[in-house]
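Enquirer:
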């Protein structure tokens, strides 16, 4: 007899769990707290990029939607080894060794992508964000090469289609309010006054980033002031109901994925916009210019590394500045390199023909100090090294107490533009401890029968930072594991 599996949530991790459970012969019902328009969790708010280990183009081509793209013939994808993926994760671990969850993420990342591809989920090279043209070729950098067709919205649509093709069912406006317990463990869920029985339940309903109260209580610092760039639905419900029955909390509870965001965006990423446009409030081209705080001072090394490896930490750094904001400063030399979100119709910025005039327009900033900082920066730029956005070019500053290590060009070509930013939170890192089959463990390390977890619910995957694109891959990897585990019992 087929297992009855209930999955709480409908984002990438939840749908991957559903697909895997259906593959394994289960009957699957997805319960989504939101209405159909807001279904999909944080997935719809992403750019759909997925980081995974691969050896070369031969691993990528079978995943692509459009094999006739003429750019493919003049593209250098390079490779991204498991060793490099491990190094990138370790860079954000604060001295911790790789966790078992991270080892699983690395080891199963390519197979998860291939598995999705086998279910009709197709991808495209991220030419606009992850490559630069160099000597007539498209050169990819940073190990992140593919995104789902039509980004996060497309990923959700393709995964939902695969789920429904296999016979999966989904109910919207069905907020799960608790877990049902039987003699042997979890035996279903409650949706208001309704009880829905199940042989296994998969919690894939996100973290607690949409709750300012929980951010303040569990994360401290300035996190209650962060803009929420994702769904308003992730308010910690799954974590609460799991810990209520003795589940083990695990991972870095005060850690999160953050990013610089437009200071004037509304919370939850602009729900009035088409889902495909919500990502445009991000502002992650700081590496092409400098960032100044209210004191008119730089506060990070904008060229420390590729932005894939810095935006999560820099989002936090912006939030920690006086007033929880900063300004990103650029000149005309890099205008054509700024990503589309800087030309988004709702992008806020000021512009001037001189740096002095620009500094006077920086609301909330000490204009005199800002002018001094920009003058000092321009004088410190190393002119003996060529600018190359496709590599860590070593074009640095000299003599500054806070250097810019790469991509340091003088800000001297008008018109000058400045964009106000704050810190935005995408998802939280703290979650639950799971077994190798995705089963939730209790505080004694024993499996809770009938309960599985995936996605943001899984702790131990990320710690003090985040290599871009790993989150969706983690959702796919642990979603597949949890769905298969739930179906097989």
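In the working numbering, the protein residues as written are 423 to 911.
We treat Cβ as the ideally placed atom computed from N, Cα and C, and that holds for glycine.
1) Looking only at DSSP bridge pairs, what is residue 560 linked to?
2) With a 10 Å radius around its C-beta and 16 neighbouring C-beta atoms as the bar for buried, classify residue 493 as buried or exposed.
3) Short check: CB of residue 620 to CB of residue 877, under 8 angstroms?
4) Answer with buried or exposed for residue 489, where buried requires no fewer than 16 other C-beta atoms within 10 angstroms of its C-beta.
5) Going by CA-CA distance only, name the one from 833, 812, 820, 841 that's closest to residue 549.
6) Inspect the beta-carbon positions of residue 663 and residue 604 and report whether they are closer than 8 angstroms.
7) What are the partner residues of residue 502, as DSSP defines its beta bridges?
8) What's the call for residue 896, buried or exposed, on a 16-neighbour Cβ count within 10 Å?
9) Beta strand (DSSP E) containing residue 519: first to last residue?
10) Output yes or no for whether 8 angstroms exceeds the beta carbon distance between residue 769 and residue 841.
11) Suppose the cutoff is 7 angstroms on Cβ atoms and the five residues either side in sequence are ignored; what does the same chain contact list for residue 791 look like?
12) In terms of residue numbering, what span does the beta strand (DSSP E) encompassing residue 870 cover?
13) Looking only at its own chain, which residues have a Cβ that is under 8 angstroms from the Cβ of residue 623, when we skip the five neighbours before and after it?
14) What first and last residue would you give for the beta strand (DSSP E) that runs through residue 591?
15) From residue 552 to residue 522, what does the alpha carbon distance come to, in whole angstroms?
16) Assign residue 684 to one of three DSSP states: helix, strand, or coil.
17) Which value, in whole angstroms, describes the spacing of the CA atoms of residue 461 and residue 857?
18) How many Å lie between residue 888 and residue 564 at the Cα?
19) Helix, strand or coil for residue 423, going by three-state DSSP, please let me know.
20) Would you report the Cα separation of residue 556 and residue 562, rounded to the nearest angstrom?
21) Tell me which same chain residues have a C-beta within less than 8 angstroms of the C-beta of residue 458, skipping the five on either side of it?
22) So, using beta-carbon positions, are residue 453 and residue 590 closer together than 8 angstroms?
23) Inspect the CB distances between the region 732-747 and the region 797-810 and report whether three or more fall short of 8 angstroms.
24) Can you tell me which of the three DSSP states residue 703 falls into?
25) Could you check what DSSP says for residue 603 in three-state terms: helix, strand or coil?
26) Would you call the region 774-793 and the region 830-848 in contact, with 3 or more CB pairs under 8 angstroms?
27) Per DSSP, what kind of secondary structure is residue 960 in: helix, strand or coil?
28) Report all residues from its chain with a CB closer than 8 angstroms to the CB of residue 544; omit the five preceding and five following residues, and keep chain order.
29) Thinking C-alpha only, which one of 766, 771, 669, 750 is nearest residue 881?
30) What are the residues that DSSP puts in a beta bridge with residue 678?
31) What's the call for residue 503, buried or exposed, on a 16-neighbour Cβ count within 10 Å?
32) Between which two residues does the alpha helix (DSSP H) containing residue 445 stretch?
33) Over what stretch of residues does the alpha helix (DSSP H) that includes residue 575 continue unbroken?
34) Which word fits residue 725, buried or exposed, when buried means at least 16 other C-beta atoms lie within 10 angstroms of its C-beta?
35) What three-state label does DSSP hand residue 736 in the structure shown?
36) Is the beta carbon of residue 741 sitting closer than 8 angstroms to the one on residue 644?
Expert: So, from the listed chains and residues:
1) 497, 555
2) exposed
3) no
4) exposed
5) 812
6) no
7) 476
8) buried
9) That residue, residue 519, is in no beta strand (DSSP E); it is neither H nor E in DSSP.
10) yes
11) 717, 718, 719
12) 869-875
13) 427, 428, 429, 430, 601, 608, 610, 611, 872, 873, 874, 908
14) 591-593
15) 29 angstroms
16) strand
17) 28 angstroms
18) 13 angstroms
19) coil
20) 10 angstroms
21) 594
22) no
23) no
24) helix
25) strand
26) yes
27) Nothing can be reported for residue 960, as the shown portion of the chain is limited to 423 through 911.
28) 485, 486, 487, 570, 571, 580
29) 669
30) 850
31) exposed
32) 434-445
33) 573-587
34) buried
35) helix
36) yes
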